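Below: the structure, in structure tokens.
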Amino acid sequence: MQPRLKDVAELAGVSIKTVSNVVNGYPFVKPETRERVERAIAELNYRPNLTARNLRQGRSGVIALAVPDLDIPYFAELATNVISAADRHGWTVLIDQTQGDRAKERLVVSGIRAHLIDGLLFSPLALTAADLAQRADHTPMVLLGERIGRRRTAYDHVCIDNVAAAQEATSHLTGLGRRRIAAIGARQAASGATARLRLRGYRQALAAAGLAEDPALVVPVDAFHRADGARAMADLLDSGAGPDAVFCFNDTLALGALRTLLSRGVRVPDDIALFGFDDIEDGRFSTPSLSTIAPDRAGIAQTAVDLLAGLLAGPAPDRRPQEVCASHTLIARESTLGVQAQSAAGSSSTERTVASAAPSSGPRLPSSDTVSASGSHSRTVTRAASSRRIGGTSHSPSSA
């Protein structure tokens, strides 16, 4: 016999209405109560009748995720996280790919699929503030990625602090004694907001280290693919600019750059250290493994889905749009530390992790001090308790 709502309520020690609120994603449930109900649901293997529920509510049980390019692993992995988070609400996810094209992005926000979906998670690249202001569709929407325009929009927004993350990445390289640090990934197109923020962080780190920026070390790209990284690295080497480190604005650029370096007989990191951004799976298994910034993709997905659930449940009349800055983590691997870098520290692993986030806007959470993998001291802010993982062992700040 299939477990019923009543069975879950009895096991959790709450009312049937409370169980219903949890199942339907109602946001105003105490965390400890929600956890108790979710444990009971898992223990009983309870599955709500989604068809009946959606018919009662006039819903499809489908949400959409619109991203620029699924060929970029970050977005493919983010989609996996969104699907997992949506499944907890009993939702199916429809995925759209816009290629960062403004016309396609305008179609997405215009409600082209409004008859199919209950809500929309959208990561735009080319959309403008004026495009958003003209939106007539009333499908609930949560934005992902960079802020559109200089001001907050009328929509909930989940992001990471790209300036702080890029500054930490570059500071990791300066902390290792690198002085000719190149940047691959600059973009001047309207769709290059992420690149511009990461370039700003790179410049801030150089200034903090007392290093002058050399324009010859800043290499633009057309897109964030491996081929672009390979071409940019070849151009950089051929220019004679003489870098001793390279910060790539995503991991796919870094993997392309790595291919060029290895094909030219350049030793990584002995001759040139290499740093990426996104912590995609391929970078963890490349040779050498790739140092990177790891955005909290699972946290981004869960936060965005929960915000959407709150909108669908009926937000309070005086509710204001929320901007949430998710955490990120600096992970130092072989491409900057070298294979034997941690032997002296007594660790057989070449990976060091430092959890950190420093939101430039949006909610700030309690801060703590951590020591970066390079040995430099940095102020960090995390969504949860900060931690450092050296090799396979996790340490809280108080015990590290």
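Numbering (our numbering), first residue to last: 118 to 517. Backbone N, C-alpha and C define an ideal beta-carbon position, used for all residues, glycine too. These figures come from a predicted structure and were not determined experimentally.
Should G292 be counted as a contact of the ligand NAD given a C-beta to heavy atom distance under 7 angstroms?
-> With respect to the ligand NAD, the structure shown offers nothing to examine, as it has no ligands at all.
Pull up the distance between the alpha-carbon of G327 and that of Q284, whole angstroms please.
-> A direct Cα-Cα distance of roughly 14 angstroms separates G327 from Q284.
Could you have a look at Q251 and say whether DSSP puts it in helix, strand or coil?
-> Secondary structure of Q251 (DSSP, three-state): coil.
Are the CB atoms of C365 and A374 nearer to each other than 8 angstroms?
-> yes
A193 versus I200 - alpha carbon distance = 11 angstroms
Pick from D361, R264, A333: whose alpha carbon is nearest that of V383?
-> D361
Could you tell me which residues DSSP pairs with T409 in its beta bridges?
-> Residue pairing from DSSP places T409 in a beta bridge opposite I448.
With D213 as the anchor, note down where its beta strand (DSSP E) starts and where it stops.
-> 209-214
Around the Cβ of T409, are there at least 16 other Cβ atoms within 10 angstroms (buried) or fewer (exposed)?
-> buried
Would you call T404 buried or exposed, if buried means 16 or more other Cβ atoms sit within 10 Å of its Cβ?
-> exposed
Alpha-carbon to alpha-carbon, H289 and I277 | 19 angstroms
Start and end of the alpha helix (DSSP H) containing E194?
-> 190-204
Contacting residues, own chain, Cβ-Cβ under 6 angstroms from I417 (five flanking each side not counted) | V275, A443
Drop a sphere of 10 angstroms on the beta-carbon of L372, count the other beta-carbons inside from all chains shown, and report buried for 16 or more, exposed for fewer.
-> By the 10 Å Cβ count, L372 comes out buried.
How would you label A286, buried or exposed, when you count the other beta carbons within 10 angstroms and need 16 or more for buried?
-> buried
Any idea which residues DSSP pairs V385 with across the strands?
-> Per DSSP, none; premise fails for V385.
Considering P148, what are the terminal residues of the alpha helix (DSSP H) in which it resides?
-> Element bounds for P148: 148-161.
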